Structures are given as C-alpha cells and as structure tokens.
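Written out below as structure tokens is the structure these notes cover.
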Amino acid sequence: MRRFSCAALLVLATAAQAQITDTGTYLQRMDADGDGKVSVEEYVQWMLYAFDRMDRNGDGVLSTDELPGGKGRPITREQQRQTIVERFHKQDADGDGFLSAKELSAPPR
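If you count by mature numbering (1 follows the signal peptide of the UniProt record, and there is no 0), then the sequence shown holds residues -18 to -1, 1 to 91, one letter each, in order.
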C-alpha cells in the first residue's frame, strides 16, 4: 500500500501545482534557480508540495484518512522525502546530480 500512496503523491504534485503541457515548461517550473537543470533540492521541494497539501492537520504525517482513497499506511514527510530522493537518483541517468529535460521526460526507471 505504501507504494500506491507514494506514487499517488507524485502524480498529485504535478497536477496540483500547474497545468504543464511540455517537458520544457515542467523543467522551468521545477528549476527554482533558473540554471536549466533540476537539482535534488528543487525536485524534492516540488514533489513535497502534494504531501504538504494533503497533510490537513499539519503534523508531518499523512494518516490513512489523509491518503488518496483513505487507504494505506501512514507515511511521514521524512519518509516521503527519502522516497523522492531515491526516485531522483534513479531518474538521473547520467549521474551528474541534476535532472535535464530529457531525464525528466523519461519513463520512471
């Protein structure tokens, strides 16, 4: 069940923040410092948006009733952050510590 909630959070992060129609726009929105690539910090900040929106009571834990569909095990913000960092590193195909537009548009690895 935890896998479902993490995946759902990632989907919600992109949908909740903006309607983005292409990879270039997606990169631009995530790229807070405007250097043309996304660092792990920028990626984490963008992806945790959904977690923070769903955490209605602000306690840093998504309880079952705050999870999509009201199902799954509770997950802390730190657990979600760690999952996001792991996914970042999997997407970073060239291992340079940044995600390019090409890496952002690639299917999950």
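For every residue, glycine included, the Cβ atom is placed at its ideal position computed from N, Cα and C. Keep in mind that this is a model prediction, so the values were computed, not measured.
*Quick one, are the C-beta atoms of A83 and G16 less than 8 Å apart?*
No.
*asked:* Which residue wins for smallest C-alpha separation from D74, given the options R63, Y25, R11?
replied: Nearest C-alpha to D74: Y25.
_Once DSSP output is grouped into helix, strand and coil, what is the label at S87?_
Secondary structure of S87 (DSSP, three-state): helix.
*If you draw a straight line from the alpha carbon of G40 to that of R63, how long is it in whole angstroms?*
Their Cα atoms are separated by approximately 16 Å.
*asked:* If the criterion is Cβ atoms closer than 8 Å, does the pair G42 and T65 meet it?
replied: Not a contact, by the Cβ cut-off of 8 Å.
_Using only the alpha-carbon positions, how far apart do E23 and V67 sit?_
The alpha-carbon separation between E23 and V67 amounts to approximately 9 Å.
_Per DSSP, cross-strand counterpart(s) of I66_ = Its beta-bridge partners do not exist; DSSP assigns none.
*Run the CB neighbour count on A88, radius 10 Å, all protein chains shown included, and call it buried at 16 or more, exposed below.*
Burial call: exposed.
_Does A75 come out as helix, strand or coil in the three-state DSSP assignment?_
Correct three-state label for A75: coil.
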